[in-house]
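Asker: This structure is in structure tokens; I'll ask about it shortly.
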Ligand code: 5GP
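Now the structure itself:
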């Protein structure tokens, strides 16, 4: 007779595969928290809404050290202060412990709050390769009431790009002239290569008519718009997960180790700037993200 306490071989194999998958999922979530793709509070909400999730199965110790700026020493002090045993899993915390952990995070790492009553000037920025261009193109096609600003650039056109539609392609002398004449709302050198800038006049005209204007620009540009037009609505586009962004950035693996490391480091720095933005939108689905941004315009 088989021993009822030992699971059959197949069950054990399946269970160990499930354990490996769960560990991987927890590791991916920790990367999302450490790179700020999701906030610690996002992870807690997810864990408590779905008790069977990888987030719920994560130990509080793993969770806390995944948060930027919390090392092991600080983690142990926090747990002692909050009277939470280090062996606890997030999903296994009691009501009081959930509350004190949430309060602690809200105090120390407040989530960026959406500000109301922003202007109709919307700036869309985000880390490289998050898909800003695709989302902006989708808004242009499906929300013709929104004006997508056409930038000037010193970059040569790519095949299929149309003058005045994708960009105004200008040479260095013309770009200099626009800067000097004050024709640009903002401008920046992107990826240490070419200059890009937002012509001011079409935007002023559209805003004066009561239209919404969308700028799809880089982070340096977004900061300049914030300084020049403090009531602009700044939207930060986030990838659905850190792993997904890594895939988009270095997916094909055609670049060397050094270039790969450089891109990932840049992405971390870019993600760390999201606190400067009014809204965060996750690009999990282009049409959904575009609709969410278009709604901000109303
Ligand atoms: P691409 O050369 O691939 O069309 O664009 C490269 C980068 O330039 C993108 O990250 C895009 O957001 C940024 N960019 C495009 N137009 C502008 C602009 O007018 N100002 C700034 N600051 N960045 C821009």
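In UniProt numbering, the protein residues as written are 1 to 298.
Here a beta-carbon is modelled for each residue, glycine too, at the ideal position from N, C-alpha and C.
These numbers come from a predicted model, not from an experiment.
In chain order, what are the residue ranges of uninterrupted beta strand (DSSP E) at least 3 long that sit wholly in the region 116-151?
Answerer: Entirely contained in the region 116-151, the beta strand (DSSP E) runs reaching 3 residues are, in chain order, 121-125 and 146-148.
Asker: Hey, which unbroken runs of the alpha helix (DSSP H) at 4 residues or more fall wholly within the region 221-285?
Answerer: Listed in chain order, they are 242-250 and 257-271.
Asker: If you measure between the beta carbons of residue 27 and residue 54, is that distance less than 7 Å?
Answerer: As a working mapping, residue 27 is identified with position 27 in the chain shown. As a working mapping, residue 54 is identified with position 54 in the chain shown. It is not a contact, given that the beta carbons lie outside the stated cut-off.
Asker: Along the alpha helix (DSSP H) that carries residue 181, what are the first and last residues, could you check?
Answerer: Residue 181 sits at position 181 when you count from the first residue of the chain shown. Neither: residue 181 is in no alpha helix (DSSP H) and is coded neither H nor E.
Asker: Please indicate yes or no: does the CB of residue 279 lie closer than 6 Å to some heavy atom of the ligand 5GP?
Answerer: Locating residue 279 in the chain shown gives position 279, counting from the first residue. Outside the cutoff, so no.
Asker: If you drop the 5 nearest sequence neighbours on each side, which residues of the same chain put their C-beta closer than 8 Å to that of residue 184?
Answerer: What you label residue 184 is simply residue 184 of the chain shown in a count that begins at 1. Cβ neighbours of residue 184 beyond the five flanking positions: 152, 178, 197, 198, 199 and 200.
Asker: For residue 199, which of helix, strand or coil comes out of DSSP?
Answerer: Working through the chain shown from its first residue, we reach residue 199 at position 199. DSSP places residue 199 in strand when its eight states are reduced to three.
Asker: If you run the structure through DSSP and keep just helix, strand and coil, what is residue 89?
Answerer: Residue mapping note: residue 89 aligns to position 89 of the chain shown, counting from 1. Here residue 89 sits in strand by DSSP.
Asker: Taking the continuous alpha helix (DSSP H) assigned at residue 105, which residues delimit it?
Answerer: Position 105 of the chain shown, counting from 1, holds the residue named residue 105. 95-108 is the extent of the alpha helix (DSSP H) around residue 105.
Asker: Can you say whether residue 33 is buried or exposed, counting buried as having 16 or more other CB atoms within 10 angstroms of its CB?
Answerer: Position 33 of the chain shown holds residue 33. So residue 33 ends up on the buried side.
Asker: Could you check whether the Cβ of residue 139 sits closer than 6 Å to any heavy atom belonging to the ligand 5GP?
Answerer: Position 139 of the chain shown, counted from the start, is the residue given in the question as residue 139. No; taking the cut-off as 6 Å, the Cβ of residue 139 has no heavy atom of the ligand 5GP nearer than that.
Asker: Classify residue 138 as buried or exposed, calling it buried when 16 or more other Cβ atoms lie within 10 Å of its own Cβ.
Answerer: Your numbering for residue 138 matches position 138 in the chain shown. Answer is buried; the Cβ neighbour count reaches 16.
Asker: Does the Cβ-Cβ distance between residue 283 and residue 131 come in under 7 Å?
Answerer: The count along the chain shown starts at 1 and reaches residue 283 at position 283. The count along the chain shown starts at 1 and reaches residue 131 at position 131. Yes, the pair counts as a contact, with Cβ atoms nearer than the cut-off.
Asker: On the CB-based measure, 16 or more other CB atoms within 10 Å of its CB, does residue 278 come out buried or exposed?
Answerer: The sequence position of residue 278 within the chain shown is 278, counting from 1. Looking at its Cβ environment, which holds 16 or more other Cβ atoms inside 10 Å, residue 278 is buried.
Asker: Taking residue 237 and residue 135 to be in contact with their CB atoms under 8 Å, please state how far apart those CB atoms are, rounded to whole angstroms.
Answerer: As a working note, residue 237 is residue 237 in the chain shown. As a working note, residue 135 is residue 135 in the chain shown. About 6 Å separates the two Cβ atoms, so the contact holds.
Asker: Under three-state DSSP, which class holds residue 22?
Answerer: Mapped onto the chain shown, residue 22 falls at position 22. Here residue 22 sits in helix by DSSP.
Asker: Straight-line CA distance for residue 25 to residue 170?
Answerer: Taking the chain shown and counting its residues from 1, one reaches residue 25 at position 25. Taking the chain shown and counting its residues from 1, one reaches residue 170 at position 170. If I take the Cα positions, the gap works out to 47 Å.
Asker: Tell me whether residue 13 sits in a helix, a strand or coil according to DSSP, three-state version.
Answerer: Here residue 13 refers to the residue found at position 13 of the chain shown. Note: residue 13 maps to helix in three-state DSSP.
Asker: Which residues in the same chain as residue 224 place their Cβ atom closer than 7 Å to its Cβ, once the five residues preceding and following it in sequence are excluded?
Answerer: Translated into the one-based positions of the chain shown, residue 224 becomes position 224. Correct list, in chain order: 186.
Asker: Identify which residue in 167, 260, 142 and 266 has its Cα closest to the Cα of residue 295.
Answerer: As a position in the chain shown, residue 295 is number 295, starting the count at 1. Looking at the Cα atoms, 142 is the closest of the given residues.
Asker: Should residue 146 and residue 254 be called a contact, given that it needs their Cβ atoms to be closer than 7 Å?
Answerer: Numbered from its first residue, the chain shown carries residue 146 at position 146. Numbered from its first residue, the chain shown carries residue 254 at position 254. Taking 7 Å as the Cβ cut-off, residue 146 and residue 254 do not qualify as a contacting pair.
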